[in-house]
Amino acid sequence: NPAGHGHNYVIEVSVEKAADPEPQDWIADFENVVEQSFLSLVDHKNLNVDVPQFKHNPTVENLASFAWSRLVGRFEDARLVRITVWENDRTYCTYTQ
């Protein structure tokens with residue numbers, strides 16, 4: 030399809046972190062990291078054209094791996110545990126290391 034086709038991907042980013050007496054502050058930081066480090070690169074983009082990493086193969090597996098590479102080590106006092114990307118309710122990939 031030369032015009033491409035779209036998906037409304039869903040991403041779940043799982044981290045481990047010690048209990049925090051003020052979690053709302055950390056959650057806002059977490060959301061900013063995900064937005065700036067990953068979502069801003071892929072959201073509302075033609076992955077084959079606009080994102081070099083997906084020029085030939087924008088699969089959920091590649092999206093999950095790319096998300097991991099962009100997010101690992103970026104959360105203060107937390108460890109990235111798992112990333113799951115859903116293409117639809119039956120097609121998804123979970124990436125972990």
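Taking the numbering used here, the leading residue of the sequence shown gets 30, the next gets one more, and so forth. Glycine included, each C-beta is placed from N, C-alpha and C at the ideal position. The model shown is predicted, which means the values in this text are computed figures rather than measured ones.
>> Given this structure, state the Cα-to-Cα distance separating residue 89 from residue 35, to the nearest angstrom.
In response: The residue given as residue 89 occupies position 60 in the sequence shown. The residue given as residue 35 occupies position 6 in the sequence shown. Taking the straight line joining both Cα atoms gives about 13 Å.
> Using the C-alpha atoms, what's the distance from residue 72 back to residue 112?
Replying inline: To locate residue 112, count along the sequence shown from 1; it is residue 83. To locate residue 72, count along the sequence shown from 1; it is residue 43. Residue 112 and residue 72 have their C-alpha atoms some 16 Å from each other.
> Considering only C-alpha positions, which residue in the set 115, 116, 117, 99 is nearest to residue 109?
Replying inline: For the purposes of this step, residue 109 is taken as the residue at position 80 of the sequence shown. Closest by C-alpha distance to residue 109, out of 115, 116, 117, 99, is 99.
>> For residue 115 and residue 124, which I take to be in contact (beta-carbon distance under 8 Å), what is that distance rounded to the nearest angstrom?
In response: Taking the first residue of the sequence shown as 1, we reach residue 115 at position 86. Taking the first residue of the sequence shown as 1, we reach residue 124 at position 95. Not a contact, Cβ separation roughly 12 Å.
> Can you name the residues that DSSP bridges to residue 97?
Replying inline: Position 68 of the sequence shown, counted from the start, is the residue given in the question as residue 97. Looking at the DSSP assignment, residue 97 forms no beta bridge with any residue, so it has no partner.
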